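What the sequence shown shows, in mature numbering (1 follows the signal peptide of the UniProt record, and there is no 0), is residues -28 to -1, 1 to 126, in sequence order.
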Amino acid sequence: MNTSNTRRVLTRRAFLTLGGAAAVTATAAFLAWPTQATSQRLTVEDTHQKAAKGEIVLIDIRRPDEWARSGVPEHAIPIDMRRKDFFEAATAAAKGKPIALICARGVRSRRVYQNFHASGLTNVFDVPEGMLGSSAGPGWLSKGLPTVTYDRDR
């Protein structure tokens, strides 16, 4: 048997074995992550009711151009998540009340939710449907929940 062929077969076999194990590990981590990351969720209907009653502070973390296109959820405070002082501004706006985070489709709100939790702030909720809908549900706009026109000067 030619030793160069044996090395090549062993190298391929080792590569496939390691690659398969890495793929299984990465898939398991990916599947476990969203469940842990979004354990405190609110539907858009519950979010609207709680914000209207003053039980939570709803923060729309999207960009100003998004607010201008679709409006801002009624009772929400628009705070662009790209602001350097976003966390300070959001916690100051909440005044000690629980925070609910909404974005377009739930991707950014999940990330910001995780950042809040990582920093020790656990009285935070994710609204995974977002304004436009996601796999979690049809979203604020499709449910016909009220919005207000975004005023750049407010």
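Positions of the beta carbon are idealized from the N, C-alpha and C atoms, including for glycine. Computed from a prediction, not measured in an experiment: that's the story for all the values here.
Original post:
beta strand (DSSP E) containing Pro50: first to last residue?
Top reply: 48 to 50
Original post:
So what does DSSP say about Ala61, is it helix, strand or coil?
Top reply: helix
**OP:** Given a cut-off of 7 angstroms, decide if Pro118 and Glu46 are closer than it, judged by their beta-carbon atoms.
**Re:** yes
Original post:
Are there 16 or more other CB atoms within 10 angstroms of the CB of Leu(-19), so buried, or fewer, so exposed?
Top reply: Low confidence applies to Leu(-19): its pLDDT is 47, below 50, so where it sits in the model is not reliable, and the reading given next is rough at best. Exposed is the call here.
Original post:
With contact counted as at least three CB pairs below 8 angstroms, one residue from each stretch, are the stretch 9 to 25 and the stretch 51 to 62 in contact?
Top reply: no
Original post:
Can you name the start and end residues of the beta strand (DSSP E) that Asp32 belongs to?
Top reply: 29 to 32
**OP:** In angstroms with no decimal places, state the Cα-to-Cα distance between Gly78 and Val96.
**Re:** 14 angstroms
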